[in-house]
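Peer 1: Below is a structure I'd like to ask you about.
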Amino acid sequence: MKMNHNIHKLRCENLEDEQFEDLAEVDLMDIADFLDNYIVKKVDEQKIDSTIDILKSYMPKQEVQTIKEHNTFLERMKNNIDLVKFQFSLISKIYFISSLLLILVGTITTMKLDLSIYLSASIIAPIPILLGMFEIIKGRDENVWELELSYKYSLREIVLSRLIIINVVSVLIGIIISINLNNVYSDINLFKMIGIWLIPIFIISSMSLVITSVYRSINSVTLCIMIWILGAVSISIYEKIADITNINIFIVLVISGISTIVASRLFYKKSINSIDCTTFEF
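Okay, here's the thing in structure tokens:
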């Protein structure tokens, strides 16, 4: 096909030149005829689908969102467990030994003097909590928490892990002692025994957490101990606790447990604010 010489002299970058505008209509027709020689056949739909399927095999597989969330949750749980283990090793061994010894001494004294098991349990149960609060406040007053911020865990996670350790230790001691007392005394209601043991733990724990959140010094632990002593002197309060039914024990146990969770949240937030850790998100 005869092509105009002007067509061959034009390049793509020259399309906006005046030379392109001077092309005659005949030249444009020649261009149209030239382009018509390049006919693109319609591709079969089946071939398109097969090509897409082949290309999919080379694309990175997208994980299902639920699997991602599940893996993230498991990883977070693993990190929290590792943190609790790490903090467990840092807490003074004297705390664990003294808590267990004081509870054992109180239990043995109760058995030797033939005192009320329920009454004695409700009085001596909060001892591990009070000692544990002293352990946490001691670290804050000695400015140990600033050093611990150099770890890969945030201060919020450190405080929360210690609260978990102290509460779990107190609850485990209470359950173990309750089971042993149930084996010794056949007339003891195991559920009632565990409930009466745990209720004072949760009540004193929540009160101690609130007090130490407001009064940020080691003296706050002394105030908590004084409140516990005043409560122990008020025997009538513990006698009422010992006489309540299982249903009421369960209700009080749930309420006191919730109050402990709320107080724990308040405590570690206040603890972070007390050392001006403004980089943490709440």
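First residue of the sequence shown: 1441, per our numbering; consecutive thereafter.
Just so you know, even glycine gets a beta-carbon here, dropped at the ideal spot from N, CA and C.
These figures come from a predicted structure and were not determined experimentally.
Between residue 1707 and residue 1571, which are expected to be in contact by the criterion C-beta below 8 Å, what is the C-beta distance as a whole number of angstroms?
Peer 2: Incorrect: roughly 16 Å between the Cβ atoms, too far for contact.
Peer 1: With respect to the alpha helix (DSSP H) encompassing residue 1628, which residues constitute its N-terminal and C-terminal limits?
Peer 2: It is not in any alpha helix (DSSP H) - residue 1628 carries neither H nor E in the DSSP assignment.
Peer 1: Curious, which full-length beta strand (DSSP E) runs of at least 3 residues does the region 1536-1571 contain?
Peer 2: List check, beta strand (DSSP E) in window: nothing returned.
Peer 1: Let me make sure I understand the geometry here. Which of 1521, 1623 and 1568 has the alpha-carbon closest to that of residue 1557?
Peer 2: When each option's Cα is compared against that of residue 1557, the closest is 1623.
Peer 1: Can you give me the Cβ contacts of residue 1566 inside the same chain, cut-off strictly under 7 Å, excluding the 5 residues immediately before and after it?
Peer 2: Once the five neighbours on either side are set aside, the close Cβ partners of residue 1566 are 1640, 1641, 1644 and 1668.
Peer 1: Kindly indicate which residue of 1599, 1690, 1647 and 1654 has the alpha-carbon position closest to the one of residue 1636.
Peer 2: Nearest of 1599, 1690, 1647 and 1654 to residue 1636, Cα basis: 1690.
Peer 1: Can you give the Cα-Cα distance for residue 1504 and residue 1514, rounded to whole angstroms?
Peer 2: Since pLDDT at residue 1504 reaches only 49, below the 50 mark, its modelled position is unreliable, and the value read off the structure follows with that caveat. Each residue's alpha carbon lies about 16 Å from the other.
Peer 1: In the structure shown, what three-state DSSP assignment does residue 1722 receive?
Peer 2: Low per-residue confidence applies at residue 1722: pLDDT is 31, beneath 50, and the placement is therefore not dependable, though the value from the model is reported in the following sentence. Residue 1722 falls in the coil class under three-state DSSP.
Peer 1: Just the Cα atoms here: how many angstroms apart are residue 1549 and residue 1621?
Peer 2: Those two C-alpha atoms are separated by around 13 Å.
Peer 1: CB residue 1573 to CB residue 1606, shorter than 9 Å?
Peer 2: Taking 9 Å as the Cβ cut-off, residue 1573 and residue 1606 qualify as a contacting pair.
Peer 1: To which residues of the same chain is residue 1686 closer than 8 Å at the C-beta, ignoring the five residues directly before and after it?
Peer 2: Cβ within range, chain order: 1629, 1631, 1632 and 1635.
Peer 1: Give the straight-line distance between the Cα atoms of residue 1543 and residue 1698, rounded to the nearest whole angstrom.
Peer 2: Using only the alpha carbons, I get a separation of about 25 Å.
Peer 1: How many angstroms separate the CA atom of residue 1627 from the CA atom of residue 1552?
Peer 2: Looking at the two C-alpha atoms, the distance is approximately 17 Å.
Peer 1: Measure the C-alpha to C-alpha separation of residue 1521 and residue 1654 and round it to an integer number of angstroms.
Peer 2: Using only the alpha carbons, I get a separation of about 29 Å.
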